[in-house]
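Engineer:
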Amino acid sequence: MGILDIVPAGVVSGKDVYKVFDYARENHFAIPAFNVTTSSVANAALEAARDSKSPVILQLSQGGAAYFAGKGLANDKQQASIAGATAAAHYIRSVAPSYGVPVILHSDHCAKKLLPWFDGMLAADEEHFAKTGEPLFSSHMLDLSEEPKEENIKICVEYLKRMAKIGIWLEMEIGITGGEEDGVNNEHVHNSALYTQPEDIWDIYKAFSEITPNFSIAAAFGNVHGVYKPGNVVLRPELLKMHQDYVRDQLKTNKENPVFLVFHGGSGSEKQEIYTAVDNGVIKMNVDTDTQFAYLEGIRDFILNKKDYLMTQVGNPEGPDKPNKKQYDPRVWVREGEKTMSKRCQIAFDDLKSSNKL
Ligand SMILES: [Zn+2]
-7 MGILDIVPAG VVSGKDVYKV FDYARENHFA IPAFNVTTSS VANAALEAAR DSKSPVILQL
53 SQGGAAYFAG KGLANDKQQA SIAGATAAAH YIRSVAPSYG VPVILHSDHC AKKLLPWFDG
113 MLAADEEHFA KTGEPLFSSH MLDLSEEPKE ENIKICVEYL KRMAKIGIWL EMEIGITGGE
173 EDGVNNEHVH NSALYTQPED IWDIYKAFSE ITPNFSIAAA FGNVHGVYKP GNVVLRPELL
233 KMHQDYVRDQ LKTNKENPVF LVFHGGSGSE KQEIYTAVDN GVIKMNVDTD TQFAYLEGIR
293 DFILNKKDYL MTQVGNPEGP DKPNKKQYDP RVWVREGEKT MSKRCQIAFD DLKSSNKL
């Protein structure tokens, strides 16, 4: 039984999001989440998902959403981030069915100071739900990991109650993930804070599961955002098993992995680390840094190889009257970036074992 026997192609929401993650958990694979900044990037990821026969998660960060709407827009009240996230969501909803894969439409890290962005997206979700019976997004992330645990849980619970009414999944973060993401810099945090404790996971699980089963937790296990020199931080995905064991004991269940876990800061990870994380209940892994570089590679190589065809509109090594339109048309050189990014996405599907799951 493939995933398309359980949920339809296109953007899924409500119970279907649970079904997709539950299917991944039961079949021991994780779904990569690619960050979207333009329609071209979204298309490259969707094309890769279609070719790998995998479900896919497309996500907008606060900065990526503002970029989607246009860097020329003011964003002092998160208005560009709200407009861009909403626009990207409508765009992805429109084209996703054509690619024939289930798509989870998600918004990435939202720290406390960015909550106005979250509020704007949630208002758009509620409006969309009133019209169609479905929220605009499948899922949102709240990242209050910089706040004390009690406050983190309290704010998440408030939002989760509202989100549960319209069937939106919540991803939350606990513990500190190193590195820098959207202006929050944790590069100097002491190492012990980089590993979440099982008791913390249980406190979250207990509070959230009273409201809805539709949530996941990004726990810190030495993860780092962005790519750093290997060896600087020790990734310990085996620690995730402690969380599952602890929650299983509390629930007195025999479910192997009762908690849906998310892997942040996974760029540059070893394959074995990924497999261990997936075996311990990771059902989503963020991939951004590596796909950014891959998108550049195709464009970079095209520009370098075709340099003599790109300096003027007319005239190249084949003759002074030869036109260069076939080289400078953005559909040609941007497409090269889409191709190399798409290839990198396919590697992510294979690494997470989500290929051939339709
Ligand atoms: Zn994170």
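Taking this note's numbering, the leading residue of the sequence shown gets -7, the next gets one more, and so forth.
C-beta: ideal position from N, C-alpha, C; glycine also.
It should be emphasised that the depicted structure is a prediction, and the values quoted were computed from it without experimental measurement.
Of the choices H120, T245, S73, G167, whose alpha-carbon is the least far from that of M155?
Structural biologist: H120
Engineer: Secondary structure at G2, three-state DSSP: helix, strand or coil?
Structural biologist: strand
Engineer: Quick check: what's the CA-CA separation for I275 versus V3?
Structural biologist: The alpha-carbon atoms of I275 and V3 are separated by roughly 18 Å.
Engineer: Just tell me which of K198, Y267, L106 has its CA closest to the CA of L69.
Structural biologist: For the record, residue 69 in the displayed sequence is Lys; it is not Leu. Per the Cα distances, L106.
Engineer: Please classify T78: is it buried, with 16 or more other beta-carbons within 10 angstroms of its beta-carbon, or exposed?
Structural biologist: buried
Engineer: Could you give the first and the last residue of the continuous alpha helix (DSSP H) run that contains E265?
Structural biologist: 263 to 271
Engineer: Please state the DSSP three-state secondary structure of N19.
Structural biologist: Residue state for N19 is assigned as coil, using DSSP reduced to three classes.
Engineer: Give the single residue among T283, V33, K45, D271 whose Cα lies nearest to the Cα of A22.
Structural biologist: Taking A22 as reference, the option from T283, V33, K45, D271 with the minimal CA-CA separation is D271.
Engineer: Taking Cβ positions, are S32 and E330 nearer each other than 8 Å?
Structural biologist: Contact: yes.
Engineer: Closer than 6 Å by C-beta to F341: which residues in its own chain qualify, once you throw out the five before and the five after it? Chain order, please.
Structural biologist: Once the five neighbours on either side are set aside, the close Cβ partners of F341 are S44, S46, S347.
Engineer: Take the Cβ of M113 as the centre, count every other Cβ of all protein chains shown within 10 Å, and call the residue buried at 16 or more, exposed below.
Structural biologist: buried
Engineer: Mapping DSSP to helix, strand and coil, what is V279?
Structural biologist: strand
Engineer: For the beta strand (DSSP E) that contains F255, what are its first and last residues?
Structural biologist: 253 to 255
Engineer: Measure the alpha-carbon distance for L296 versus Y287 and round it to whole angstroms.
Structural biologist: 15 Å
Engineer: So, for D300: in the same chain, excluding its five sequence neighbours on each side, which residues have a beta-carbon less than 8 Å away from its beta-carbon?
Structural biologist: N308, P309
Engineer: Check the DSSP bridge columns for S131 and list the partner residues they point to.
Structural biologist: H98, W161
Engineer: Just to check my reading of the structure: D135 and P127 have Cβ atoms closer than 8 Å, yes? What is that Cβ distance to the nearest angstrom?
Structural biologist: About 20 Å separates the beta carbons of D135 and P127, which is beyond the 8 Å limit, so they are not a contact pair.
Engineer: Extract the residue ranges of the beta strand (DSSP E) inside the region 40 to 120, only unbroken runs of 3 or more that lie entirely within it.
Structural biologist: Correct list: 48 to 52, 94 to 99.
Engineer: Can we say the region 73 to 88 touches the region 54 to 63, given the rule of at least three CB pairs closer than 8 Å?
Structural biologist: Touching, yes.
Engineer: At the level of alpha carbons, what is the spacing between I266 and P229?
Structural biologist: 8 Å
Engineer: Under 8 Å by Cβ, that's how I've got H101 and S131 pegged, so tell me the actual separation to the nearest angstrom.
Structural biologist: So it is not a contact: roughly 13 Å between Cβ atoms.
Engineer: Let me check one thing: in DSSP terms, what residues is A212 bridge-paired to?
Structural biologist: Paired residue(s): none; A212 is not in a bridge.
Engineer: Using only CA atoms, which one of Q236, K63, K141, F294 lies nearest to V254?
Structural biologist: Q236
Engineer: Between which two residues does the beta strand (DSSP E) holding V306 run?
Structural biologist: Looking at the DSSP string, the run of the beta strand (DSSP E) that includes V306 is 306 to 308.
Engineer: Below 8 Å on the Cβ atoms is my guess for I353 versus A211; work out the distance and round it to an integer in Å.
Structural biologist: The chain is shown only over -7 to 350; residue 353 falls outside these bounds and no answer can be derived.
Engineer: If we call anything under 8 Å between Cβ atoms a contact, is E163 one with S208?
Structural biologist: yes
Engineer: So V87 and V48 are supposed to be a Cβ contact under 8 Å. How far apart are they, rounded?
Structural biologist: Actually they are not in contact, since the Cβ atoms of V87 and V48 sit about 12 Å apart, beyond 8 Å.
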